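Asker: Just so we're aligned: 118 in the numbering used here is position 118 of the sequence shown, and the numbers increase by one with no gaps anywhere. Idealized CB from N, CA, C, for every residue including glycine. All figures in this text were calculated on a predicted structure; none of them were measured in a lab.
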Amino acid sequence: MNLTLVIGTRPNFVKMAAIVDELNRLIAVGEQWVYRLVHTGQHYDAAMSGDFMREIGLPDPDAFLGCGGGTQAEQTAAIMVAFERELLEYPSDMVVVVGDVTSTMACAITAKKLHIKVAHVEAGLRSFDRSMPEELNRILTDSISDLLFTSTRRASQQLMKEGIPARKIHFVGNVMIDTLKKFEPEFHPPQVWKELNLQPKGYLVLTLHRPRNVDQEQSLMEQLERIASEGTSPVIFPIHPRTKKNLDSNYLLPECIHLVEPLSYKSFNYLVKHAKGVITDSGGISEETSVMKVPCITLRPNTERPETVEWGTNELAGNEAQLVALLHTMEKGAWKAGQEIEGWDGRSAQELFNYMKRFG
Ligand code: UD1
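The following block contains the structure:
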């Protein structure tokens, strides 16, 4: 089968790395797969894109569409125009999209309009919060996909509730965790580890990038000050470009918050693995902390990944009171232990292709 694999943002790279790895393994044992890796360019800074991709073994993309920045509509439109051109020039049997970002949705729609089959990896997640662009991306992508690979059984059930035939849905587990397990032995401390003389379980990690948390400068600063005043540990804050753009360069961060540039995959996950806890608004990070059994506070009122709360180490803080209470529990080291989550075991990409072969 001739596949087109779509990537656009940092979390896409982590998921697609597992898929590319498995494809390369199948090709090496003589199976007939051909693939083209297409990068929409949604993320484009070296630390967020090229360097990050290389570190986790992704090859240079066969095509880079250069569609970064702009409003939601501008970005969607730019990706659709460029991806249509790509597919017309390089015909494909199936387009594989991952996750829930603008690139995922824009490329799925473009492919279907050209009558090309679409496989969506990480289908069926729902926060039921349609104010988030990701929720719209998930619903739109799932509704037109031909193959829907899910990371949880709940996601499969959700898709069936939405009327998607069971034969299109296949539970494979979490491909993001394939990559985590593969590279865990290679995690290494970032520079800030030495600079601040960090000690295992002696600091917190903070990441923020959701529009709701970072687009209003005043509330972003208040949030940072709240975290600083309630905690006792140093807080390492690798800053996302969106957050950086919204933070006045004259703003003096609270003393315990140490801002660093976006980190590489292996050094970021080293930092997370050894942290006392993580405060984040990323869904993917709450999955990784659950697997590494690191306490995690998600700064959102809802999640499309409830398993991380039910089975993993994640708790939601949707308001100030919840955040303060959770920070105290985290600082005391009195967090829930978390349990294994079915299918988050490092074998999801293999399972995905076992199924894809039968489909093809
Ligand atoms: C996107 C995804 C989000 C995902 C996140 C992971 C959508 C709607 N959002 O959010 O679901 O969790 O990626 O990081 O798809 N920018 C740079 N350099 C970069 C990348 C972005 O300067 O390498 C700037 C952009 O120009 C833009 C802002 O950061 O001004 C936001 O980037 P964008 O890709 O639109 O959304 P994210 O907030 O990164």
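Ends of the alpha helix (DSSP H) at Val-34?
Answerer: Taken as a continuous stretch (DSSP letters only), Val-34 belongs to no alpha helix (DSSP H), being part of the beta strand (DSSP E) at 34 to 39.
Asker: If you measure between the beta carbons of Asn-213 and Leu-352, is that distance less than 8 Å?
Answerer: Cβ atoms of Asn-213 and Leu-352: not closer than 8 Å.
Asker: Taking DSSP's pairing of strands, which residues face Cys-296 in a bridge?
Answerer: Paired residue(s): Val-278, Asn-314.
Asker: Is Asp-45 near the ligand UD1, with its Cβ less than 7 Å from a heavy atom?
Answerer: Yes, since a heavy atom of the ligand UD1 falls inside the 7 Å radius drawn around the Cβ of Asp-45.
Asker: Taking 8 Å as the cut-off, does the stretch 304 to 322 touch the stretch 189 to 205 (at least 3 CB pairs, one atom from each stretch)?
Answerer: Contact fails: fewer than three Cβ-Cβ distances are below 8 Å.
Asker: Examine the ligand UD1 and report whether any of its heavy atoms sits within less than 7 Å of the Cβ of Gly-50.
Answerer: It does not: the Cβ of Gly-50 is nowhere closer than 7 Å to a heavy atom of the ligand UD1.
Asker: Assuming Val-121 is part of the beta strand (DSSP E), what are its boundary residues?
Answerer: First-last of the beta strand (DSSP E) with Val-121: 117 to 123.
Asker: Is the closest heavy atom of the ligand UD1 to the C-beta of Lys-245 under 7 Å?
Answerer: Checking every heavy atom of the ligand UD1 against the Cβ of Lys-245, one is found closer than 7 Å.
Asker: So, helix, strand or coil for Thr-207, using DSSP?
Answerer: Note: Thr-207 maps to strand in three-state DSSP.
Asker: Return the CA-CA distance between Leu-125 and Met-221, expressed in angstroms with no decimal places.
Answerer: Near 31 Å, if we compare the C-alpha coordinates of Met-221 and Leu-125.
Asker: Is it buried or exposed, Ala-46, if we count other Cβ atoms within 10 angstroms and call 16 or more buried?
Answerer: Classification of Ala-46: exposed, given that the 10 Å Cβ count is below 16.
Asker: Who are the near neighbours of Val-235 in its chain, counting only those whose CB is closer than 8 Å to its CB and skipping five residues on each side?
Answerer: Cβ within range, chain order: Tyr-203, Leu-204, Val-205, Leu-206, Ile-227, Ala-228, Cys-256, Ile-257, His-258, Ile-279.
Asker: For the pair the stretch 320 to 338 and the stretch 154 to 165, tell me if three or more CB-CB distances fall below 8 Å.
Answerer: Segments in contact, no.
Asker: Is Phe-237 helix, strand or coil by DSSP?
Answerer: In the structure shown, Phe-237 sits in a strand (DSSP, three-state: E or B).
Asker: I'd like to check one pair, Phe-52 with Tyr-265: are the Cβ atoms closer than 8 Å?
Answerer: Going by C-beta atoms, Tyr-265 is nearer than 8 Å to Phe-52.
Asker: Look at Cys-67 and Gly-30 and say whether their C-beta atoms are less than 8 Å apart.
Answerer: No, Cβ-Cβ distance for Cys-67 and Gly-30 is not below 8 Å.
Asker: Contact check, Thr-179 vs Ile-56 under 8 Å by CB: the rounded distance?
Answerer: Confirmed, about 6 Å.
Asker: Could you check what DSSP says for Thr-232 in three-state terms: helix, strand or coil?
Answerer: Looking at Thr-232 - three-state DSSP - the assignment turns out to be coil, as it is neither helix nor strand.
Asker: Can Val-101 be considered in contact with the ligand UD1, in the sense that its beta carbon sits closer than 7 Å to one or more heavy atoms?
Answerer: Indeed, a heavy atom of the ligand UD1 lies less than 7 Å from the Cβ.
Asker: Does DSSP classify His-188 as helix, strand or coil?
Answerer: Correct three-state label for His-188: coil.
Asker: Taking Cβ to Cβ, would you say Ala-106 is nearer than 8 Å to Met-132?
Answerer: Contact: no.
Asker: If we require 4 or more residues per run, which alpha helix (DSSP H) segments fall completely within the stretch 63 to 127?
Answerer: 72 to 89, 102 to 113, all fully within the stretch 63 to 127.
Asker: If you measure from the CB of Glu-134, is any heavy atom of the ligand UD1 nearer than 7 Å?
Answerer: Glu-134: yes, Cβ under 7 Å from the ligand UD1.
Asker: Cβ of Gly-68 within 7 Å of any heavy atom in the ligand UD1?
Answerer: Yes, Cβ of Gly-68 sits closer than 7 Å to a heavy atom of the ligand UD1.
Asker: Identify, in the order they occur along the chain, each residue of the same chain with its Cβ nearer than 7 Å to the Cβ of Lys-168, setting aside the five sequence neighbours on each side.
Answerer: Result list for Lys-168: Asp-146, Leu-147, Leu-148, in chain order.
Asker: Tell me, which residues are paired with Thr-4 by DSSP?
Answerer: Answer is Arg-36, Val-95.
Asker: Under 7 Å: does the beta carbon of His-209 sit that close to some heavy atom of the ligand UD1?
Answerer: Yes, since a heavy atom of the ligand UD1 falls inside the 7 Å radius drawn around the Cβ of His-209.
Asker: Tell me whether Ser-282, by its Cβ, gets closer than 7 Å to a heavy atom of the ligand UD1.
Answerer: True, at least one ligand heavy atom lies under 7 Å from that Cβ.
Asker: Hey, out of Phe-128, Leu-37, Leu-58, whose CA is closest to Val-96's CA?
Answerer: The candidate whose alpha carbon is nearest that of Val-96 is Leu-37.
Asker: What are the residues that DSSP puts in a beta bridge with His-258?
Answerer: Partner(s): Ile-236.
Asker: Chain C beta carbons: is any one of them nearer than 8 Å to that of Val-34?
Answerer: This model lacks chain C altogether; it includes just one protein chain.
Asker: Report the CB separation of Ala-349 from Glu-22 in whole angstroms; it is logged as a contact under 8 Å.
Answerer: At roughly 4 Å, the Cβ-Cβ gap stays under 8 Å, so Ala-349 and Glu-22 are in contact.
Asker: Just tell me which of Gln-75, Phe-187, Pro-11 has its CA closest to the CA of Val-175.
Answerer: Per the Cα distances, Pro-11.
Asker: Going by C-alpha to C-alpha distance, which of Val-98, Glu-230, Lys-117 sits closest to Ala-17?
Answerer: Measuring from the Cα of Ala-17, the nearest candidate turns out to be Val-98.
Asker: Ends of the beta strand (DSSP E) at His-170?
Answerer: From DSSP, the beta strand (DSSP E) with His-170 extends over 169 to 171.
Asker: Count the other CB atoms within 10 Å of the CB of Arg-358; is the residue buried (16 or more) or exposed (fewer)?
Answerer: Answer is exposed; the Cβ neighbour count stays below 16.
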